[in-house]
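Student:
Number of protein chains: 2
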Amino acid sequence: MVSEKDSKETAEKKIIAAAREVFLEKGYDGARMQEIADRAGINKALLHYYFRSKEKLFMGIFVEVISILIPRMKEAMSGPVSLKRVIEIFVDSYHEIMLENPNLPAFVVGEIHRQPELVVEMMKQKGFDINMLKFFINQQVQMGHIRPVDPVQFMVSLVGMSLFPFIGKPIIKGIMLDGDDAKMLEFLTERKEFIVEFVLKGLDYAE
Amino acid sequence: MVSEKDSKETAEKKIIAAAREVFLEKGYDGARMQEIADRAGINKALLHYYFRSKEKLFMGIFVEVISILIPRMKEAMSGPVSLKRVIEIFVDSYHEIMLENPNLPAFVVGEIHRQPELVVEMMKQKGFDINMLKFFINQQVQMGHIRPVDPVQFMVSLVGMSLFPFIGKPIIKGIMLDGDDAKMLEFLTERKEFIVEFVLKGLDYAE
DNA sequence: TGTATATTTGACCACCTGGTTAAACAAAAT
DNA sequence: ATTTTGTTTAACCAGGTGGTCAAATATACA
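Which chain is which? The protein sequence lines are V and P, in order.
The numbering of the first sequence is my numbering, which starts it at 4 and goes up by one.
The numbering of the second sequence is my numbering, which starts it at 4 and goes up by one.
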């Protein structure tokens, strides 16, 4: 009973790990069941034994990825602290996630484009919600800590600034930084501080 | 001779138009030669008559897209005008391009991820170069118009803020704006002014 | 006109794709 | 020990894929 469960779990987990790799690398259309099986070190038929179809396997992976992402975004929006701290946490969170999963941004962008409604529905279902942040920003405005701004404009700016370095990494490195890895690393290191300062100034934040 | 050229050009152009549509919509892996032929209203074999392979056809489209994009980005970086005006032109350019080609951002992101070196090489070859803007920003710093900033950090911020609304449109609309089209339109309309003001403040720009 | 040349097509092909199945194998349960 | 249950595999399949080709059609040329 024990060893049975064990082997099932390891096999299933090997599949999930491999599928995650391949789907994140190649996207749904570019991914091949055979390659997933190969990377998992198992027979292709076993994929269909555990997950009925490519679609089902993909959805499993996608749900998992979203489920990991959402809590970390919520976490950044929840602490009842200073605006500066909220922004810092937000930026740090994004950088950490993206450094750990280099293929994530392109993957998510691709899925948003492929099945927008589904992604939105899933994010909603997983409890992604920006009302708390909206409230927080409006409060900061009322207290006179920052100038009057649309919280959505602010948020889109923050996310855009945080995400784009990873989405456009090859362009930034290849064209703006002479293809120099060291420069890119330096750029990313400085990026966090830059964003925080830039955004706070953009909001007329008075410390 | 004349009509021959005409029919060839119209057939070729119908193919290019259809291929552009399909590739931008579905990406390289998701695109099907049959669908391109159908949308062009021609036989699939004719695709291979004009363009030898899917790869070749795709590259043609991709070069074309990049070739349209680059000049408009250079244009924004060239005018010897005020920083504010440069940013305005930049933001306007991006918005115009993205409104005209809704599938462009996801497509480009996908290609950057699929063949980073190739995209970089192609952009370089097409004359994409940020040295002028770097110089301009450094000049502005020296003249005391803005605080000292890394031009690359600035530029990535500007592009990120401009692009992200289009990349993440379904999320913004679906989750942040209650799926309300009118709100989304309003958001995009206000976006341009917001970015200009936000960025200028972020740079400590003194008018 | 007839002939050469370019364009367009239907039929076809080899290969790859996701997916199935029956049988072998391993492990628990009795 | 043997049956029962769950796991893993090799072999296979139908449909789709990019790509080809010879024939048909249109066009330019003499």
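Glycine is no exception: its CB is placed at the ideal position from the N, C-alpha and C atoms.
1) Buried or exposed: where does Y97 of chain P fall if 16 or more other Cβ atoms within 10 Å of its Cβ makes it buried?
2) Are the beta-carbon atoms belonging to I217 of chain P and F131 of chain V less than 8 Å from one another?
3) Using beta carbons (cut-off 8 Å, strictly below), is G33 of chain P in contact with chain V?
4) Do you know offhand how far F169 of chain P's Cα is from L102 of chain P's?
5) Can Q143 of chain V and I149 of chain V be called in contact, C-beta distance under 8 Å?
6) Measuring alpha carbon to alpha carbon, tell me which residue in P:I71, P:K17, P:S85 is nearest F54 of chain P.
7) Specify the secondary structure class of S85 of chain V as computed by DSSP and reduced to three states.
8) Look at the Cβ atom of P154 of chain V, then the Cβ atom of L136 of chain V, and state whether they are nearer than 8 Å.
9) I'd like to know if S96 of chain P contacts chain V, where contact means its C-beta is closer than 8 Å to some C-beta of that chain.
10) Could you tell me whether any Cβ in chain P is nearer than 8 Å to the Cβ of I140 of chain V?
11) Verify whether the separation of the beta carbon atoms of I19 of chain P and V94 of chain P is less than 8 Å.
12) Is V66 of chain V buried or exposed, if buried means 16 or more other CB atoms sit within 10 Å of its CB?
13) With DSSP run on the structure shown, which of helix, strand or coil describes R35 of chain V?
14) What in chain P is Cβ-close to L166 of chain V, meaning under 8 Å?
15) Taking only beta-carbon atoms, is P151 of chain V less than 8 Å away from chain P?
16) Three-state secondary structure (DSSP) at K137 of chain P?
17) Tell me which residue opens and which closes the alpha helix (DSSP H) that K57 of chain V is part of.
18) Does any residue of chain V bring its CB to less than 8 Å from the CB of L86 of chain P?
19) So is the beta-carbon of A209 of chain P under 7 Å away from any non-hydrogen atom of the ligand MG?
20) Does DSSP put E200 of chain V in a helix, a strand or coil?
21) I'd like the span of the alpha helix (DSSP H) that includes F54 of chain V, first residue to last.
22) In the DSSP assignment, find the alpha helix (DSSP H) that holds L166 of chain P and state where it starts and stops.
23) Pick out the complete alpha helix (DSSP H) segments inside the stretch 85 to 134 of chain V, 4 residues or longer, and give them in chain order.
24) What are the residues of the stretch 178 to 208 of chain P that lie near chain V, defined by any Cβ-Cβ distance shorter than 9 Å?
25) What's the call for P108 of chain P, buried or exposed, on a 16-neighbour Cβ count within 10 Å?
26) May I ask you to report which of helix, strand or coil DSSP gives I45 of chain V?
27) Check the Cβ of G30 of chain V against every Cβ in chain P and list those closer than 9 Å, keeping chain order.
28) Kindly indicate which three-state DSSP category P173 of chain P falls into: helix, strand or coil?
29) If you run the structure through DSSP and keep just helix, strand and coil, what is L180 of chain P?
Tutor: Taking the geometry as given:
1) Working through the second sequence from its first residue, we reach residue 97 of chain P at position 94. By the neighbour-count rule (16 or more Cβ atoms within 10 Å), Y97 of chain P is buried.
2) The first residue shown for chain P is 4 and the last is 210, placing residue 217 of chain P beyond what the model contains.
3) Within the second sequence, the letter at position 30 stands for residue 33 of chain P. Contact with chain V is found for G33 of chain P, since one of that chain's Cβ atoms lies less than 8 Å from the residue's Cβ.
4) Locating residue 169 of chain P in the second sequence gives position 166, counting from the first residue. Locating residue 102 of chain P in the second sequence gives position 99, counting from the first residue. About 8 Å.
5) Here the question's residue 143 of chain V lines up with position 140 in the first sequence. Here the question's residue 149 of chain V lines up with position 146 in the first sequence. Against a cut-off of 8 Å, the Cβ pair of I149 of chain V and Q143 of chain V comes out as a contact.
6) Here residue 54 of chain P corresponds to residue number 51 of the second sequence, with the count starting at 1. The option with the nearest alpha carbon to F54 of chain P is P:K17.
7) Reading the first sequence from its first residue, position 82 is the one you call residue 85 of chain V. S85 of chain V: coil per DSSP, three-state reduction.
8) Position 151 of the first sequence holds residue 154 of chain V. Position 133 of the first sequence holds residue 136 of chain V. Taking 8 Å as the Cβ cut-off, P154 of chain V and L136 of chain V qualify as a contacting pair.
9) As a first step, residue 96 of chain P is located in the second sequence; it is residue number 93 there, counting from the start. Output row for S96 of chain P: interface = no.
10) Taking the first sequence and counting its residues from 1, one reaches residue 140 of chain V at position 137. Contact with chain P is absent for I140 of chain V, since none of that chain's Cβ atoms lies less than 8 Å from the residue's Cβ.
11) For the purposes of this step, residue 19 of chain P is identified with residue 16 of the second sequence, where counting begins at 1. For the purposes of this step, residue 94 of chain P is identified with residue 91 of the second sequence, where counting begins at 1. 8 Å or more divides the Cβ of I19 of chain P from the Cβ of V94 of chain P.
12) Position 63 of the first sequence, counting from 1, holds the residue named residue 66 of chain V. An exposed status is given to V66 of chain V, since fewer than 16 other beta-carbon atoms sit within 10 Å of its beta-carbon.
13) If you number the first sequence from 1, residue 35 of chain V lands on position 32. Of the three classes helix, strand and coil, the one that applies to R35 of chain V here is coil, per DSSP.
14) Here residue 166 of chain V is taken as the residue at index 163 of the first sequence, counted from 1. Going along chain P in sequence order, the residues near L166 of chain V (Cβ under 8 Å) are G163, F167.
15) One-based indexing of the first sequence puts residue 151 of chain V at position 148. It does not: the Cβ of P151 of chain V has no partner Cβ on chain P nearer than 8 Å.
16) Residue numbering aside, residue 137 of chain P sits at position 134 when the second sequence is read from its first letter. If DSSP states are grouped into helix, strand and coil, K137 of chain P belongs with the helices.
17) Walking along the first sequence from the start, residue 57 of chain V turns up at place 54. Secondary structure note for K57 of chain V: its alpha helix (DSSP H) is the uninterrupted segment 57 to 79.
18) As a first step, residue 86 of chain P must be located in the second sequence, where it is residue number 83. Chain V, which has no Cβ nearer than 8 Å to the Cβ of L86 of chain P, makes this no.
19) Of the ligands one can find in the structure shown there are none, so the ligand MG has no counterpart to examine.
20) Counting from 1 along the first sequence, the entry for residue 200 of chain V is found at position 197. Correct three-state label for E200 of chain V: helix.
21) For the purposes of this step, residue 54 of chain V is identified with residue 51 of the first sequence, where counting begins at 1. Run containing F54 of chain V: none; DSSP gives neither H nor E here.
22) Residue mapping note: residue 166 of chain P aligns to position 163 of the second sequence, counting from 1. Per DSSP, L166 of chain P is one residue of the alpha helix (DSSP H) stretching across 154 to 170.
23) Qualifying alpha helix (DSSP H) stretches, in chain order: 86 to 103, 107 to 117, 119 to 128.
24) So the close ones are I178, M179, L180, G182, K186, F190, E193, R194, F197, I198, E200, F201, V202, L203, K204, G205, L206, D207.
25) Taking the second sequence and counting its residues from 1, one reaches residue 108 of chain P at position 105. Residue burial is scored here from C-beta neighbours: P108 of chain P has at least 16 other C-beta atoms within 10 angstroms and is therefore classed as buried.
26) Taking the first residue of the first sequence as 1, we reach residue 45 of chain V at position 42. Coil, per DSSP.
27) Taking the first residue of the first sequence as 1, we reach residue 30 of chain V at position 27. Within chain P, the residues placing a beta-carbon under 9 Å from that of G30 of chain V are G30, D32, G33, G113, H116, R117, ordered along the chain.
28) In the second sequence, residue 173 of chain P corresponds to position 170, counting from 1. In the structure shown, P173 of chain P sits in a helix (DSSP, three-state: H, G or I).
29) Taking the first residue of the second sequence as position 1, residue 180 of chain P is located at position 177. The DSSP-derived three-state label of L180 of chain P is coil.
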